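*Asks:* Pasting a structure below so you can have a look.
Protein chains: 2
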Amino acid sequence: MKHVTTRSAGDTAWAINPRRARDLRVAAKATPGDTKQHNRTLVLQTLYVSGPLSRADIARATQLTKVTVSGLVAELISEGLVEELGQRESQGPGKPATLVDLARSAHAIVALDLSDDKLLRGAVIDLAGRTHARAEAARLDAQGIAVTGDAACELVIELALTLRDASELPVLGLGVGTPGVVDADGVVRVAPNLGWEALPLRQILTERTGLATTIENDANVAALAEYSFGDTSEDFALVRIGFGVGAGIILGGRSIPGSQFASGEIGQVMVGTDLGIDAPYNREQVLEHWLSVPTLTRALEAAGPAGREQVLREAGNRLGVALAPVIGMLNLAEIVLSGPPELVDGTLADAAYEILTRRTMPNSHDTLVIRTTGQGEDLILRGAAAVVLRERLGVS
Amino acid sequence: MKHVTTRSAGDTAWAINPRRARDLRVAAKATPGDTKQHNRTLVLQTLYVSGPLSRADIARATQLTKVTVSGLVAELISEGLVEELGQRESQGPGKPATLVDLARSAHAIVALDLSDDKLLRGAVIDLAGRTHARAEAARLDAQGIAVTGDAACELVIELALTLRDASELPVLGLGVGTPGVVDADGVVRVAPNLGWEALPLRQILTERTGLATTIENDANVAALAEYSFGDTSEDFALVRIGFGVGAGIILGGRSIPGSQFASGEIGQVMVGTDLGIDAPYNREQVLEHWLSVPTLTRALEAAGPAGREQVLREAGNRLGVALAPVIGMLNLAEIVLSGPPELVDGTLADAAYEILTRRTMPNSHDTLVIRTTGQGEDLILRGAAAVVLRERLGVS
DNA sequence: TTTATTTAGTTCATTAGCTTTACTAACCAT
DNA sequence: ATGGTTAGTAAAGCTAATGAACTAAATAAA
Chain D
2 MKHVTTRSAG
12 DTAWAINPRR
22 ARDLRVAAKA
32 TPGDTKQHNR
42 TLVLQTLYVS
52 GPLSRADIAR
62 ATQLTKVTVS
72 GLVAELISEG
82 LVEELGQRES
92 QGPGKPATLV
102 DLARSAHAIV
112 ALDLSDDKLL
122 RGAVIDLAGR
132 THARAEAARL
142 DAQGIAVTGD
152 AACELVIELA
162 LTLRDASELP
172 VLGLGVGTPG
182 VVDADGVVRV
192 APNLGWEALP
202 LRQILTERTG
212 LATTIENDAN
222 VAALAEYSFG
232 DTSEDFALVR
242 IGFGVGAGII
252 LGGRSIPGSQ
262 FASGEIGQVM
272 VGTDLGIDAP
282 YNREQVLEHW
292 LSVPTLTRAL
302 EAAGPAGREQ
312 VLREAGNRLG
322 VALAPVIGML
332 NLAEIVLSGP
342 PELVDGTLAD
352 AAYEILTRRT
362 MPNSHDTLVI
372 RTTGQGEDLI
382 LRGAAAVVLR
392 ERLGVS
Chain F
2 MKHVTTRSAG
12 DTAWAINPRR
22 ARDLRVAAKA
32 TPGDTKQHNR
42 TLVLQTLYVS
52 GPLSRADIAR
62 ATQLTKVTVS
72 GLVAELISEG
82 LVEELGQRES
92 QGPGKPATLV
102 DLARSAHAIV
112 ALDLSDDKLL
122 RGAVIDLAGR
132 THARAEAARL
142 DAQGIAVTGD
152 AACELVIELA
162 LTLRDASELP
172 VLGLGVGTPG
182 VVDADGVVRV
192 APNLGWEALP
202 LRQILTERTG
212 LATTIENDAN
222 VAALAEYSFG
232 DTSEDFALVR
242 IGFGVGAGII
252 LGGRSIPGSQ
262 FASGEIGQVM
272 VGTDLGIDAP
282 YNREQVLEHW
292 LSVPTLTRAL
302 EAAGPAGREQ
312 VLREAGNRLG
322 VALAPVIGML
332 NLAEIVLSGP
342 PELVDGTLAD
352 AAYEILTRRT
362 MPNSHDTLVI
372 RTTGQGEDLI
382 LRGAAAVVLR
392 ERLGVS
């Protein structure tokens, strides 16, 4: 029934993953200053999420003492990040509270969206999410061809400068959502669409604009926007259907960058086994072949009005097939689709959902939600702004 | 070329994700005590991965001052977690260093592996990874049928008690790797194989054994074992081929639990589109149909020696098809396979790799490594021990 | 009208923890 | 011996959070 053996120790000690030792160098010590930083951010975050509050409210919400909160708030006020709003009209006994809030209209963020192949877009957005100015720059040259490489980079710099100068508010930072692979240092490792390779965009923009700059992949910032301003859960993927197809992934409330900063590259994966299970890589069998805006548009034109449903259904089906293993693997709660509503909404999304339920077991999909984004046109701009909020204020 | 508009603010403020406000309740304030806890863990972690060191070495490695390190080390020594090893023979001028190290042979962990359908396994393992005792309990009743439900639970408790009592060292904690879905409170939400549903296993074991207990899914602890003691990167998935097929995922060095604590359920996902793209869910088309040990064994018997390669190749192919979207999506650096070596090693792994390279774009797979685990039979036991180390010492 | 109660926010002394500076201990080399 | 080097400790100081006591300003009750 039961079998017990006692051995002399010393046979098979384990070895510790050598790469972990290296990581340790990164693990930082903590100081009292870190404690303060943490609590400061906690206060900011509380205000950010829960609107105007009294110091006492903040103390209750954060579990910090009134004394500590008063000190932190005073500091934040002196930095201009928080402002007093006057007294709350008293409701019940006790001294009336003085309300404080993030100075939402006192700072702005410059956000850029480089995801479109024809038009670079940008905006000045304040901390309340209000747009104060917009600017666009056509990516086309005199011959009507999209500019790339250094010329495109110059266009981006110009756009950033224009918006920086258009802002009447002090600018907290510059956030950029760009297609391509962006590493943790803000270097665009590769962005075929823009003709960039190993372009240190963050450094360039920081130098040229004087603004604290953050660069991230467009699908990632889109996911962050959805997470910050949508009604998402903590585990979801946003699939962006545009010139290409890419995804941004949030797990446990954290953005997933991938080992090579190339997460979300779902568009280039083969879908289905139409050509046999061991068929070689074939561009006609990758997800983008069915799902990108250019190919979808072409297919819809070719099919005519009668074939429209069929084309959209096929696209949704393929998306479902591609996502099924991801859903099973990650136990996602939600898939958010972003793309032209007339293409994505309805049939396409429905078909994807149906295929997902057909290809994964109920456990994996019975709480799954699939829906389209409610953030509209400004998804990327908002995401770029959210990235700056996260980096500069620890708020998100 | 460029088009700038300045709007009055106030048009479209963003709304903050309402679920975030709720999460805030979890976000905790920091106190000076947290700082100390952090640094204490940092010292432990440093000793854990870098072997015996002098106090001065630790100070250099952690960036803490010698004074702080001396204080923390003194405390850890008084708790019995760290011990002085005597002087290092001097090499060069200066006072010779006194070496200290984790008291690796002074504490033990009781680890249980419930993943096998016939045999519950357990061991007493010290902090160096040496096995001090082993015990097993057959899951079969008098009729030779695997016990489930409460009877299985009793068997687990007995096994834990046996090992606890067999340990001559003080026991730091009890770690359990079990099949099924386990939530953050150590409740087994569902484990069909063991006939458990909503079983508060952690609570039960804590009460019955008096040991600090941690329960996690078997594939997750396997991944953690590989991450702790293998030579993995920070972004990988471990695919466990056993009675079923499940996976554990580590991204950025963190374990991914999934929104419903059910990550890694890759075995129940349909693979390929043999029956058409919109075929209904079919157990004959899910990954486990080709890849689990029982089905593989059966297929190999049916095929005979001549068909062996073909069967293994097909299984590897299916695994590759299922993993391709996951690889593209997560940009994993590595896939680790765990299962009977005679089945998994070689043809199966090779086929999976080849399919992966055929179904994902080079960017996604050109640095991808696929290999089998080097942790052997004790993978789950080691993982269960690693979980306890992580929970109790913050070390991993 | 006066008094008690309640809530907001501040002042002050205390505690916890890390750091700097200064020191002793112990070793090597000249 | 003496100077230089490294390990480790002691004492004082700085930062940050805390608890107790206090003031301020309102409502409710007597």
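Taken in order, these protein sequences are the chains called D and F. Numbering (this note's numbering) for the first sequence: 2 to 397. Numbering (this note's numbering) for the second sequence: 2 to 397. We treat Cβ as the ideally placed atom computed from N, Cα and C, and that holds for glycine. On a predicted model such as this, the values are computed, not experimentally measured, just so you know.
According to DSSP, what are the bridge partners of F:Thr-215?
*Replies:* Along the second sequence, read from residue 1 onward, the residue named residue 215 of chain F stands at position 214. The partner list for F:Thr-215 (beta bridge, DSSP) reads F:Gly-176.
*Asks:* With distance defined between alpha-carbon atoms, name the residue in D:Arg-21, D:Thr-47 and D:Ala-28 nearest to F:Lys-30.
*Replies:* Residue 30 of chain F sits at position 29 when you count from the first residue of the second sequence. Among D:Arg-21, D:Thr-47 and D:Ala-28, the Cα nearest to that of F:Lys-30 belongs to D:Thr-47.
*Asks:* Just to confirm, are F:Ala-192 and F:Thr-179 a CB contact at a threshold of 8 Å?
*Replies:* Sequence index remark: in the second sequence, residue 192 of chain F carries index 191 (1-based). Sequence index remark: in the second sequence, residue 179 of chain F carries index 178 (1-based). Yes, Cβ-Cβ distance for F:Ala-192 and F:Thr-179 is below 8 Å.
*Asks:* Give me the subset of the segment 214–248 of chain F whose CB atoms are less than 9 Å from a CB atom of chain D, sorted by chain position.
*Replies:* Answer in chain order: Ala-226, Glu-227, Tyr-228, Ser-229, Phe-230, Gly-231, Asp-232, Thr-233, Ser-234, Glu-235, Asp-236, Phe-237, Ala-238 and Ala-248.
*Asks:* Starting from D:Thr-348, follow the alpha helix (DSSP H) in both directions and report where the run begins and ends.
*Replies:* For this step, residue 348 of chain D is matched to residue 347 along the first sequence. Its alpha helix (DSSP H) spans residues 348–360.
*Asks:* According to DSSP, is F:His-133 part of a helix, a strand, or is it coil?
*Replies:* As a first step, residue 133 of chain F is located in the second sequence; it is residue number 132 there, counting from the start. Reduced to three states, the DSSP call for F:His-133 is strand.
*Asks:* Does DSSP put D:Gln-376 in a helix, a strand or coil?
*Replies:* Numbered from 1 along the first sequence, position 375 holds the residue referred to as residue 376 of chain D. Coil, per DSSP.
*Asks:* Using the three-state DSSP reduction, which class does F:Glu-85 fall into: helix, strand or coil?
*Replies:* Against the second sequence, residue 85 of chain F aligns to sequence position 84. Strand, per DSSP.
*Asks:* Where does the unbroken alpha helix (DSSP H) through D:Val-74 begin, and where does it stop?
*Replies:* Translated into the one-based positions of the first sequence, residue 74 of chain D becomes position 73. Segment 67–79, the alpha helix (DSSP H) holding D:Val-74.
*Asks:* Whose Cβ in chain F lies nearer than 7 Å to the Cβ of D:Ala-112?
*Replies:* Locating residue 112 of chain D in the first sequence gives position 111, where the first residue counts as 1. Ordered by position in chain F, no residue passes the 7 Å Cβ test against D:Ala-112, which lies about 12 Å from the chain.
*Asks:* Just to confirm my understanding: we take F:Ala-213, look at its own chain, exclude 5 residues before and 5 after, and list those with CB closer than 8 Å. What are they?
*Replies:* Against the second sequence, residue 213 of chain F aligns to sequence position 212. Once the five neighbours on either side are set aside, the close Cβ partners of F:Ala-213 are Leu-173, Gly-174, Leu-175, Thr-207, Val-389, Glu-392 and Arg-393.
*Asks:* Using only the alpha-carbon positions, how far apart do D:Leu-162 and D:Arg-61 sit?
*Replies:* Locating residue 162 of chain D in the first sequence gives position 161, counting from the first residue. Locating residue 61 of chain D in the first sequence gives position 60, counting from the first residue. Cα-Cα distance, rounded: 43 Å.
*Asks:* Quick check: what's the CA-CA separation for F:Pro-341 versus F:His-290?
*Replies:* Taking the second sequence and counting its residues from 1, one reaches residue 341 of chain F at position 340. Taking the second sequence and counting its residues from 1, one reaches residue 290 of chain F at position 289. Each residue's alpha carbon lies about 17 Å from the other.
*Asks:* Mapping DSSP to helix, strand and coil, what is D:Gly-145?
*Replies:* Position 144 of the first sequence, counted from the first residue, corresponds to residue 145 of chain D. Coil at D:Gly-145, not helix or strand.
*Asks:* As a quick exercise: from D:Leu-324, D:Glu-302, D:Ile-328 and D:Thr-348, pick the residue whose alpha carbon is nearest that of D:Leu-313.
*Replies:* The residue labelled residue 313 of chain D in the question sits at position 312 within the first sequence. Comparing Cα positions, the closest option is D:Thr-348.
*Asks:* Please classify F:His-39: does DSSP put it in a helix, a strand, or coil?
*Replies:* As a working note, residue 39 of chain F is residue 38 in the second sequence. Helix, per DSSP.
*Asks:* Taking buried to mean at least 16 other C-beta atoms within 10 Å of its own C-beta, is F:His-108 buried or exposed?
*Replies:* Along the second sequence, one-based indexing puts residue 108 of chain F at 107. Classification for F:His-108: buried.
*Asks:* Just verifying my parser: in three-state terms, what is the DSSP assignment at D:Ile-251?
*Replies:* By 1-based counting over the first sequence, the position of residue 251 of chain D is 250. Note: D:Ile-251 maps to strand in three-state DSSP.
*Asks:* For the ligand NAP, is there a heavy atom less than 7 Å away from the beta-carbon of D:Leu-100?
*Replies:* Here there are no bound small molecules, and the ligand NAP is not part of this structure.
*Asks:* In whole angstroms, give me the CA-to-CA distance for D:Arg-122 and F:Gln-38.
*Replies:* To locate residue 122 of chain D, count along the first sequence from 1; it is residue 121. To locate residue 38 of chain F, count along the second sequence from 1; it is residue 37. Cα-Cα distance, rounded: 47 Å.
*Asks:* Would you mind telling me which residues of chain D sit closer than 9 Å to F:Tyr-282, beta carbon to beta carbon, in chain order?
*Replies:* As a first step, residue 282 of chain F is located in the second sequence; it is residue number 281 there, counting from the start. Here the neighbours are Thr-358, Arg-359, Arg-360, Thr-361, Met-362 and Pro-363.
*Asks:* So, is F:Thr-63 buried or exposed, given that buried needs 16 or more other C-beta atoms within 10 angstroms?
*Replies:* Mapped onto the second sequence, residue 63 of chain F falls at position 62. F:Thr-63 comes out buried.
*Asks:* Where does F:Ile-17 fall in DSSP's three states?
*Replies:* Locating residue 17 of chain F in the second sequence gives position 16, counting from the first residue. Three-state DSSP puts F:Ile-17 in coil, outside helix and strand.
*Asks:* Check whether the Cβ atoms of D:Ala-224 and D:Ser-256 sit closer than 8 Å, and answer yes or no.
*Replies:* By 1-based counting over the first sequence, the position of residue 224 of chain D is 223. By 1-based counting over the first sequence, the position of residue 256 of chain D is 255. In this structure, D:Ser-256 lies closer than 8 Å to D:Ala-224 by Cβ.
*Asks:* Starting from F:Ala-304, trace the alpha helix (DSSP H) both ways and give me its first and last residue.
*Replies:* Locating residue 304 of chain F in the second sequence gives position 303, where the first residue counts as 1. Looking at the DSSP string, the run of the alpha helix (DSSP H) that includes F:Ala-304 is 294–331.
*Asks:* Check the Cβ-Cβ distances between D:Ala-263 and every residue of chain F, and say whether any is below 8 Å.
*Replies:* Sequence index remark: in the first sequence, residue 263 of chain D carries index 262 (1-based). Closer than 8 Å to some Cβ of chain F, the Cβ of D:Ala-263 qualifies, so yes.
*Asks:* What three-state label does DSSP hand F:Phe-230 in the structure shown?
*Replies:* The residue you call residue 230 of chain F lines up with position 229 of the second sequence. If DSSP states are grouped into helix, strand and coil, F:Phe-230 belongs with the helices.
*Asks:* Alpha carbon to alpha carbon, how far is D:Ile-216 from F:Asp-58?
*Replies:* Counting from one through the first sequence, the residue named residue 216 of chain D turns up at place 215. Counting from one through the second sequence, the residue named residue 58 of chain F turns up at place 57. Taking the straight line joining both Cα atoms gives about 38 Å.
*Asks:* For F:Val-182 and F:Gly-259, what's the separation of their Cα atoms in angstroms?
*Replies:* Sequence index remark: in the second sequence, residue 182 of chain F carries index 181 (1-based). Sequence index remark: in the second sequence, residue 259 of chain F carries index 258 (1-based). Between F:Val-182 and F:Gly-259, the C-alpha separation is close to 10 Å.
*Asks:* How about F:Leu-160 and F:Ala-136: do their beta carbons lie closer than 8 Å?
*Replies:* The residue given as residue 160 of chain F occupies position 159 in the second sequence. The residue given as residue 136 of chain F occupies position 135 in the second sequence. Yes.
*Asks:* From which residue to which residue does the alpha helix (DSSP H) around F:Glu-335 run?
*Replies:* Position 334 of the second sequence, counting from 1, holds the residue named residue 335 of chain F. Here F:Glu-335 belongs to no alpha helix (DSSP H); instead the beta strand (DSSP E) covers 335–339.
*Asks:* Does D:Ile-371 come within less than 8 Å of chain F when only Cβ atoms are used?
*Replies:* Within the first sequence, numbered from 1, the residue matching residue 371 of chain D stands at position 370. Closer than 8 Å: no.
*Asks:* Does the separation of the CB atoms of F:Ser-168 and F:Gly-245 fall below 8 Å?
*Replies:* Within the second sequence, the letter at position 167 stands for residue 168 of chain F. Within the second sequence, the letter at position 244 stands for residue 245 of chain F. No, they are not a contact pair.
*Asks:* Give the DSSP-derived three-state secondary structure of D:Ser-397 in the structure shown.
*Replies:* Working through the first sequence from its first residue, we reach residue 397 of chain D at position 396. In this structure, D:Ser-397 counts as coil in the three-state DSSP scheme.
*Asks:* Touching or not, the segment 67–79 of chain D and the segment 111–131 of chain D, by the rule of three or more beta carbon pairs under 8 Å?
*Replies:* Short answer: they don't touch.
*Asks:* Quick one: any contact between the segment 295–308 of chain D and the segment 322–330 of chain D, if contact means 3 or more CB pairs under 8 Å?
*Replies:* Contact between the segment 295–308 of chain D and the segment 322–330 of chain D is absent, because fewer than three Cβ pairs lie under 8 Å.
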